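Which chain is which? The protein sequence lines are A and B, in order. If you read the first sequence in my numbering, its first letter stands for residue 1, the second for the next number, and so on. If you read the second sequence in my numbering, its first letter stands for residue 1001, the second for the next number, and so on. Note that beta-carbon positions come from the ideal geometry of N, C-alpha and C, so glycine has one too. Everything numeric in this text was worked out from a predicted model, so none of it was measured. These notes concern the structure reproduced below.
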Amino acid sequence: MISLQKIEKYYETKAGKNYVLRGIDLAIKEGEFISIMGPSGSGKSTLLHILGMLDDPTQGDYLFLDQNVSKMKEKQKTEFHKQYIGFVFQSYHLIDELTVYENIETPLLYQKMSGSERKSMVCDILDRFAIVGKKDLFPNQLSGGQQQLVGIARAVVTSPKLILADEPTGNLNSAQGDEIMQLFKKLNQEGTTIIQVTHSEKNATYGNRVVNLLDGWIQK
Amino acid sequence: MDSKIKTWIAELEVAKKVSANEEMTFFKNLEACGNGELITELCLQILENIEPTEGTLIPMQCASLLERFAPVSTVERLVQILKKLPPMTGLRDYRQDIRRAINKLELRKAGECVCKSAFTYNTSPYDSLYTVESSVFDEVNYETTYRARCNSCGRAYTVIENTSYHYPTYQWR
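Okay, here's the thing in structure tokens:
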């Protein structure tokens, strides 16, 4: 599904190149649940953003479903992202002015579908995540765990092949965190490929492979 | 008629307690009954008695049925309902759906095609009323210009999609 080949990410500074990622070779198969771990500043989030097509590598090739993302134009990358990827953020990134229903509906507004199709898909997700009763509430009326539930609901409403999660339980208490991780596990068992960035050894056990990063290098 | 409406309303109350999909199924069943008079009266009564906490789904579904099944004489009552409807605090105020239903009924009354309702509402060219014939993306302004045609009267439109805000907005020409 994913192949990263000699990926480098660096920033030019007066003192020279400031490397964030170095020589990253990584292959990920469909259906895997990967945890990217490493200390702060090791390049975890940058790697996740590159995988999510939200950032570009400075060098190297990124192949997603046999397409070379590194050679795509911005619009093509946007289309790919919309079609195949759901992103879950540590701080949820829900839109404060939109209700739960509207937040979940938002990714579908960018898909080529009619209003009635959208309604059906949002209803399915509201039921699946058991948040029907919250659909007319705003993010600030929800607990952190509920907001992250909505964040994940929004990420999966388009049925993406790949979910990328950046510290998805970082702002949650342990019970809420467990609930979210169970949900990821269930989504993975249903066939969605998941890549999470985490500091938590416990959260990493929900996945089936750990990729350790240190100073931008993958640790063998 | 009154007893039928009471039965349907009781069914809706049950559906609301079960799930969003049950709510959708309720409206699908109502549509399938095909009784325009019943659909119109029931939807109007639902809207007249709606609670401020019942935003989004129910008003949207009522509006969708009314714009297709209600007689044009319903406009006056719908305008009165709109005046009393509690505003939703969401960005996408569901009263837009009621306004669109009113507009479609007015267009029907004037003998015009309902495709023109796109002008009064942030309508996607992928709405079931239209077929998108072409699209051109402007990489500088990050806008897409669609050529869409009404499935009913064949009128052609140019639609500019702007995605610079939280959700896309559409300008119809």
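6 angstroms CB neighbourhood of A:F89 in its chain, flanking five on each side removed: Within the first sequence, residue 89 of chain A is the residue found at index 89, counting from 1. Cβ contact annotation for A:F89 (same chain, cutoff 6 angstroms, sequence separation greater than five): D166, in chain order.
Nearest to B:F1119 by alpha carbon, out of B:P1059, B:K1006, B:W1172, B:T1025? Against the second sequence, residue 1119 of chain B aligns to sequence position 119. Distance from the Cα of B:F1119 is smallest, within the candidate group B:P1059, B:K1006, B:W1172, B:T1025, for B:W1172.
Pick from A:T99, A:P160, A:I152, A:Q147: whose alpha carbon is nearest that of A:F184? As a first step, residue 184 of chain A must be located in the first sequence, where it is residue number 184. Ranking A:T99, A:P160, A:I152, A:Q147 by Cα distance to A:F184 puts A:I152 first.
From B:V1136, B:S1064, B:L1085, residue whose alpha carbon lies closest to that of B:A1101: Locating residue 1101 of chain B in the second sequence gives position 101, counting from the first residue. Closest in C-alpha terms to B:A1101, from the list B:V1136, B:S1064, B:L1085, comes B:S1064.
Cα separation between A:T205 and A:Q67? Counting from one through the first sequence, the residue named residue 205 of chain A turns up at place 205. Counting from one through the first sequence, the residue named residue 67 of chain A turns up at place 67. Whole-angstrom Cα-Cα distance: 31 angstroms.
Using a Cβ cut-off of 7 angstroms, pull out every chain B residue sitting near A:G115, in sequence order please. Mapped onto the first sequence, residue 115 of chain A falls at position 115. Within chain B, the residues D1127 have their CB atoms less than 7 angstroms from the CB of A:G115, given in chain order.
From A:I163 to B:T1040, what does the alpha carbon distance come to, in whole angstroms? Along the first sequence, one-based indexing puts residue 163 of chain A at 163. Along the second sequence, one-based indexing puts residue 1040 of chain B at 40. The straight-line gap from Cα to Cα measures roughly 43 angstroms.
Under 9 angstroms from the C-beta of B:E1139: neighbouring residues of chain A: Counted from its first residue, the second sequence places residue 1139 of chain B at position 139. Neighbours of B:E1139 on chain A, chain order: K73, E74, K75.
Say whether the stretch 112-119 of chain A touches the stretch 1005-1016 of chain B, bearing in mind that this needs 3 or more beta-carbon pairs closer than 8 angstroms, one atom from each stretch. no
Those runs of the alpha helix (DSSP H) which lie wholly inside the stretch 21-96 of chain A and span at least 4 residues: 44-51, 74-84
Mind checking the stretch 1012-1031 of chain B against chain A and listing, in chain order, the residues whose C-beta falls within less than 8 angstroms of any C-beta there? S1019, A1020, N1021, E1023, M1024
So A:Y110 contacts chain B; which residues on that side make the cut at Cβ distance below 9 angstroms? To locate residue 110 of chain A, count along the first sequence from 1; it is residue 110. Correct list: T1163, Y1167, P1168.
Any idea what DSSP makes of A:Q5, helix, strand or coil? On the first sequence, residue 5 of chain A is found 5 positions in, with the first residue counted as 1. Residue state, collapsed to three classes: strand.
Let me check understanding here. Comparing Cα to Cα, which of B:L1078, B:R1147, B:I1046 lies closest to B:S1134? Along the second sequence, read from residue 1 onward, the residue named residue 1134 of chain B stands at position 134. When each option's Cα is compared against that of B:S1134, the closest is B:R1147.
Near B:V1132, what residues of its chain come up, given a Cβ to Cβ distance below 6 angstroms and the 5 sequence neighbours on each side ignored? Taking the second sequence and counting its residues from 1, the one referred to as residue 1132 of chain B is at position 132. So the list reads P1125, Y1146, A1148, once near-sequence residues are dropped.
Taking 8 angstroms as the cut-off, does the stretch 89-101 of chain A touch the stretch 125-142 of chain A (at least 3 CB pairs, one atom from each stretch)? yes
Does any residue of chain B bring its CB to less than 9 angstroms from the CB of A:K119? Along the first sequence, read from residue 1 onward, the residue named residue 119 of chain A stands at position 119. So, interface residue.
Give the straight-line distance between the Cα atoms of B:P1071 and A:F129, rounded to the nearest whole angstrom. For this step, residue 1071 of chain B is matched to residue 71 along the second sequence. For this step, residue 129 of chain A is matched to residue 129 along the first sequence. Each residue's alpha carbon lies about 39 angstroms from the other.
Using beta carbons (cut-off 9 angstroms, strictly below), is A:Y222 in contact with chain B? Nothing in the structure corresponds to residue 222 of chain A, since chain A is present only between 1 and 220.
Ends of the alpha helix (DSSP H) at A:T193? For the purposes of this step, residue 193 of chain A is taken as residue 193 along the first sequence, with counting starting at 1. Unbroken run through A:T193 is the beta strand (DSSP E), 193-197; no alpha helix (DSSP H).
Roughly how far, in whole angstroms, is the beta-carbon of A:G191 from the beta-carbon of A:G38, given that I think they are within contact range, below 8 angstroms? The residue labelled residue 191 of chain A in the question sits at position 191 within the first sequence. The residue labelled residue 38 of chain A in the question sits at position 38 within the first sequence. Contact between A:G191 and A:G38 is absent: CB atoms are separated by about 28 angstroms, not below the 8 angstroms threshold.
Between A:K6 and A:G60, how many whole angstroms is the CB-CB distance? I'm expecting something under 8 angstroms. Reading the first sequence from its first residue, position 6 is the one you call residue 6 of chain A. Reading the first sequence from its first residue, position 60 is the one you call residue 60 of chain A. Yes, A:K6 and A:G60 are in contact; Cβ-Cβ is about 4 angstroms, under 8 angstroms.
Run the CB neighbour count on B:T1007, radius 10 Å, all protein chains shown included, and call it buried at 16 or more, exposed below. Taking the first residue of the second sequence as 1, we reach residue 1007 of chain B at position 7. Flag for B:T1007 reads exposed.
Which one or two residues does DSSP pair with A:N18 in a beta bridge? As a first step, residue 18 of chain A must be located in the first sequence, where it is residue number 18. DSSP, once it has assigned bridges, lists A:Y11 as partnering A:N18.
Tell me, which residues are paired with B:T1131 by DSSP? Working through the second sequence from its first residue, we reach residue 1131 of chain B at position 131. Partner(s): B:R1149.
Taking Cβ to Cβ, would you say B:L1042 is nearer than 9 angstroms to B:I1005? Translated into positions along the second sequence, residue 1042 of chain B becomes position 42. Translated into positions along the second sequence, residue 1005 of chain B becomes position 5. Cβ atoms of B:L1042 and B:I1005: closer than 9 angstroms.
For A:P139, collect the residues of the same chain with a Cβ closer than 6 angstroms to its Cβ; drop the 5 residues on either side in sequence, then sort them by chain order. Counting from 1 along the first sequence, the entry for residue 139 of chain A is found at position 139. Same-chain partners within the cutoff: L94, D96, Q147.
Interface residues of chain E around A:V132 at Cβ under 8 angstroms? Annotation note: the requested chain E is absent from the structure, which comprises protein chains A and B.
Between the alpha carbons of B:P1059 and B:I1098, how many angstroms are there, rounded? Here residue 1059 of chain B refers to the residue found at position 59 of the second sequence. Here residue 1098 of chain B refers to the residue found at position 98 of the second sequence. Computed Cα separation, rounded: 8 angstroms.
So, under 8 angstroms CB-CB, A:M181 and A:N203 are touching, yes? Tell me the CB distance rounded to an integer number of Å. Position 181 of the first sequence, counting from 1, holds the residue named residue 181 of chain A. Position 203 of the first sequence, counting from 1, holds the residue named residue 203 of chain A. Contact flag correct, Cβ pair sits at about 6 angstroms.
For B:Q1061, count neighbouring Cβ atoms within 10 angstroms of its own Cβ and tell me buried if that reaches 16, exposed if not. Start at 1 with the first residue of the second sequence, and residue 1061 of chain B comes out as number 61. Its Cβ being crowded by 16 or more others within 10 Å, B:Q1061 is buried.
Could you work out which residues of chain A lie near B:M1060, taking near to mean beta carbons separated by less than 9 angstroms? Start at 1 with the first residue of the second sequence, and residue 1060 of chain B comes out as number 60. Going along chain A in sequence order, the residues near B:M1060 (Cβ under 9 angstroms) are G115, K119.
Quick check on A:Q196: buried or exposed, where buried means 16 or more other Cβ atoms within 10 Å of its Cβ? In the first sequence, residue 196 of chain A corresponds to position 196, counting from 1. Label assigned to A:Q196: buried.
Taking B:Q1171 as part of the alpha helix (DSSP H), name the residues at either end of that continuous run. The residue given as residue 1171 of chain B occupies position 171 in the second sequence. That residue, B:Q1171, is in no alpha helix (DSSP H); its beta strand (DSSP E) goes 1169-1172.
Residues of chain A with a CB under 8 angstroms from the CB of B:T1131: which are they? Taking the first residue of the second sequence as 1, we reach residue 1131 of chain B at position 131. Under the 8 angstroms cutoff, chain A gives no residues; its nearest Cβ is about 11 angstroms from B:T1131.
Exposed or buried, what is B:A1110 when buried is set at 16 or more other beta-carbons lying within 10 Å of its beta-carbon? Stepping through the second sequence from its first residue, residue 1110 of chain B is reached at position 110. The residue in question, B:A1110, is exposed, as its Cβ has fewer than 16 Cβ neighbours within 10 Å.
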